[in-house]
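Worksheet: one structure, shown below.
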Amino acid sequence: MLVARGFFLAFLNSIINALCDPLRKYLTNYLNPFAIVAKRGMIQAPVFFLWALYDCDFKLPRVNNIFWTSVCISGLINVATSYLYNRSIQISTISETVPYLSFTPGFLVILAFLVLGEIPSSFGVVGILFAAMGGMWLQGGCNAESMLVEKKAGESKGAIYMTLVAFLWSVTNVFDKIGVQNSTPVVYGAAIQVVVTTLSFILSRVLPAESLDHVIYAPLGERKPKTPWGMVILAGLTSVISYYVNLLATQQLEVSYVIAIKRSGCIWSALLGKFLFHESNFCRKMPSISLMFVGVVCIILSNNF
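Residue numbers (mature numbering (1 follows the signal peptide of the UniProt record, and there is no 0)): -18 to -1, 1 to 287.
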């Protein structure tokens, strides 16, 4: 029963997480990458913190050193990945960058075995490989289209940034699982959000858009950098739900399975990229999307093999 619930949560998270991508993409037109994380965190951190207090009957929870070690490692890495992720989708399209996150489950198979001792079944490994191959095939279809026009240098940078994010997130996912094993998802989530929000706020002030690194940190486009708070609040709330559901799923499933299903959210991202940002040639992406779907089915069935 717990395994079935874990699969349901992982699939739900793939949908919610995909909804976050266009919101973040929209915010990159107004805010630099660190400011996006800091201002979203002004919503996420208080929500998680109050939720954690309520969950603990308004008493400080007792946590051990393993919990704090996980918070520090995952929190610091998440500050870096938040910048790289937001910058990647800022300088390139969602459909050309997000599929690179398909590498994360592959990295996780190795890291989860080394750190957590988790060994997926052979059928599960096949599913993870199919999901990763589908994600990269999806990205390949985007490249075939972009070769017909002059490709911007920023697009290749965006791909490099997202590949690095894929690896770093495999590390944070391992420590996230350790963290929730030594507390509760909401308490761990609150601690992570406070760390990431605080550090991102400091960095957004230390590295303003008017600094010497204006080209790196400034928002793109000609719009006046006025904060669209409605979208910030919406992005913050969807991120809270996505992160919490992700932590719940990792409690009940092998972390590599959870993230493989989550990364199948590339399917939803591609759909949203087409309909919200008018990214073309969606039909050419259908074979790769189908392969990702087969991979997810293999992962779900792996519990019976």
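The beta carbon of each residue, even a glycine, is placed where N, CA and C say it ideally should be.
- Counted as a single uninterrupted DSSP element, the alpha helix (DSSP H) harbouring T86 occupies residues F85 to L93.
- Check the Cα spacing between C54 and each of V178, I110, S238 and D37: the tightest is with V178.
- Cα atoms of V162 and W50: separation of roughly 11 Å, rounded to the nearest angstrom.
- Leaving aside the five residues that flank L66 on each side, the residues in its chain whose CB is nearer than 7 Å to its CB run, in chain order, Y143, L146 and V147.
- Judged by DSSP secondary structure, R44 falls outside any alpha helix (DSSP H); it is assigned neither H nor E.
- The Cβ atoms of V222 and A231 do not sit closer than 9 Å to each other.
- DSSP, reduced to helix, strand and coil, places E100 outside both helices and strands of the structure shown, so it counts as coil.
- Taking C-beta atoms under 8 Å as the contact rule, G171 and Y82 fail to qualify, at a distance of about 25 Å.
- Looking from the CA of Q72, the closest CA among L181, P4 and S152 belongs to P4.
- Secondary structure at E236: coil, using DSSP grouped into helix, strand and coil.
- C-alpha of W33 to C-alpha of V168: approximately 7 Å in a straight line.
- When rounded, the separation of the alpha-carbon atoms in R6 and S103 is 35 Å.
- Annotation note: the segment 8 to 67 contains no uninterrupted beta strand (DSSP E) run of length 3 or greater.
- Minimum Cα-Cα distance from I(-3) among the listed residues L35, M24, R245 and L42 corresponds to R245.
- With the rule of 3 Cβ pairs closer than 8 Å, the segment 24 to 39 does not count as touching the segment 153 to 161.
- Here DSSP, grouped into helix, strand and coil, assigns S246 to coil.
- Rounded to whole angstroms, the separation of the alpha carbons of A141 and A113 is 18 Å.
- In this structure, A(-1) lies near G247, with their beta-carbon atoms less than 9 Å apart.
- Around the C-beta of L9, 16 or more other C-beta atoms lie within 10 Å, and the residue is accordingly described as buried.
- Comparing alpha-carbon positions, the option among S272, V61 and N164 lying closest to V45 turns out to be N164.
- Annotated as distal: G116 and I243, with beta-carbon spacing of 9 Å or more.
- Taking C-beta atoms under 8 Å as the contact rule, V80 and L181 fail to qualify, at a distance of about 24 Å.
- Membership of P167 in the alpha helix (DSSP H) is indicated by the continuous run P167 to V188.
- With a beta-carbon spacing of about 11 Å, I174 and S64 fall beyond the 8 Å limit used to define contacts.
- Here I110 really is in contact with G277; their C-beta atoms are around 7 Å apart, less than 8 Å.
- Contact check for I59 and V176: beta-carbon distance about 15 Å, past the 8 Å limit, so the pair fails to qualify.
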